[in-house]
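**Student:** Here it is, the structure, as structure tokens.
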Amino acid sequence: MSDHPLATRSGIPDELAYLRATYAREGWRTHANYGQLADFWLHVHDSLRGEGKALAQATADYREGQMDLAAYHRQFAPNLSHFLQHLNAHHQIEDRHYFPRFQALDPRMVAGFALLDRDHHLIHEALVASAESANRLIATFGGDNDDGRRAADDYAASADRLLALLMRHLADEEELVIPALLHHGERSVD
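Residues in the sequence shown are numbered from 1 upward in steps of one, following the UniProt record's numbering.
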């Protein structure tokens with residue numbers, strides 16, 4: 001078991017986010033070294049947050065009877081597929097390209113990026129569980145409405161777990177990545 005488990009932490013510890021005090025979130029966008037990569041990173045994270053929240057809202061609307069099955073069916077599978085593929089691809093790029101480069105910049109970064117890597121594995125497990133639950137839900141479309149509602153409840157529980165882990169992770173990752181980009185410059189990891 002690792003220190004600072006994703007499911008229970010309320011933020012990334014100062015000893016891992018050692019640049020946070022120097023580069024506070026409020027000043028990121030106005031810093032001289034804030035460039036296209038930092039902006040893109042935050043945009044991707046905001047997109048993932050929005051996609052996840054939209055799926056959760058559509059599922060809540062269906063479960064609460066505010067959206068009919070046909071409307072839910074039309075949007076659920078394509079939106080879920082896009083979200084899961086987007087999330088998985090984003091983590092693969094980070095794990096294979098960016099995280100090793102950040103770790104090479106300063107040995108003090110190794111522990112923080114190792115923590116984020118462990119997060120990725122936990123998020124992937126939650127992603128798989130959510131996808132499996134979603135497949136069970138999709139299998140009920142066109143069948144018994146009660147089975148569909150139960151499957152939607154099960155999916156909502158697994159998706160809520162995934163989103164909770166993801167939201168914490170994205171915020172923590174930003175607290176490491178953006179200050180590092182501001183401190184070292186974007187060319188250092190390109």
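Using N, Cα and C, we set each Cβ at its ideal position, and we do this for glycine too.
With DSSP run on the structure shown, which of helix, strand or coil describes S158?
**Tutor:** Looking up residue 158 in the sequence shown gives position 158. Correct three-state label for S158: helix.
**Student:** By alpha-carbon positions, which one of A159, F141, A114 ends up nearest to S133?
**Tutor:** Within the sequence shown, numbered from 1, the residue matching residue 133 stands at position 133. The shortest C-alpha separation from S133 is found at A159.
**Student:** Which first and last residues belong to the alpha helix (DSSP H) in which Q103 is found?
**Tutor:** As a working mapping, residue 103 is identified with position 103 in the sequence shown. Element bounds for Q103: 99 to 105.
**Student:** With a threshold of 6 Å on Cβ separation, who are the neighbours of I12 within its own chain once the five nearest residues in sequence on each side are excluded?
**Tutor:** One-based indexing of the sequence shown puts residue 12 at position 12. So the list reads D172, E175, once near-sequence residues are dropped.
**Student:** Taking 6 Å as the limit between beta carbons, can you name the residues of its chain near R63, skipping five residues before and five after?
**Tutor:** For the purposes of this step, residue 63 is identified with residue 63 of the sequence shown, where counting begins at 1. A152.
**Student:** Would you say the segment 19 to 36 touches the segment 44 to 59, given that touching needs at least three Cβ pairs under 8 Å?
**Tutor:** The segment 19 to 36, when compared against the segment 44 to 59, does not touch it at the 8 Å Cβ threshold.
**Student:** For E133, name the three-state secondary structure that DSSP assigns.
**Tutor:** As a first step, residue 133 is located in the sequence shown; it is residue number 133 there, counting from the start. Inspection of the sequence shows that residue 133 is occupied by Ser rather than by Glu. It is helical.
**Student:** Helix, strand or coil: which one does DSSP assign to F83?
**Tutor:** For the purposes of this step, residue 83 is identified with residue 83 of the sequence shown, where counting begins at 1. Looking at F83 - three-state DSSP - the assignment turns out to be helix.
**Student:** Tell me whether the beta-carbon of A180 lies closer than 9 Å to the beta-carbon of F102.
**Tutor:** Counting from 1 along the sequence shown, the entry for residue 180 is found at position 180. Counting from 1 along the sequence shown, the entry for residue 102 is found at position 102. Yes; because the gap between Cβ atoms is below 9 Å, this pair is in contact.
**Student:** I believe G52 touches F83 by the beta-carbon criterion, under 8 Å. Please report the beta-carbon distance rounded to the nearest angstrom.
**Tutor:** Locating residue 52 in the sequence shown gives position 52, counting from the first residue. Locating residue 83 in the sequence shown gives position 83, counting from the first residue. Yes, G52 and F83 are in contact; Cβ-Cβ is about 6 Å, under 8 Å.
**Student:** By a C-beta neighbour count over all protein chains shown, 10 Å radius and 16 as the cutoff for buried, is S81 buried or exposed?
**Tutor:** As a working mapping, residue 81 is identified with position 81 in the sequence shown. When all chains shown are included, S81 counts as exposed.
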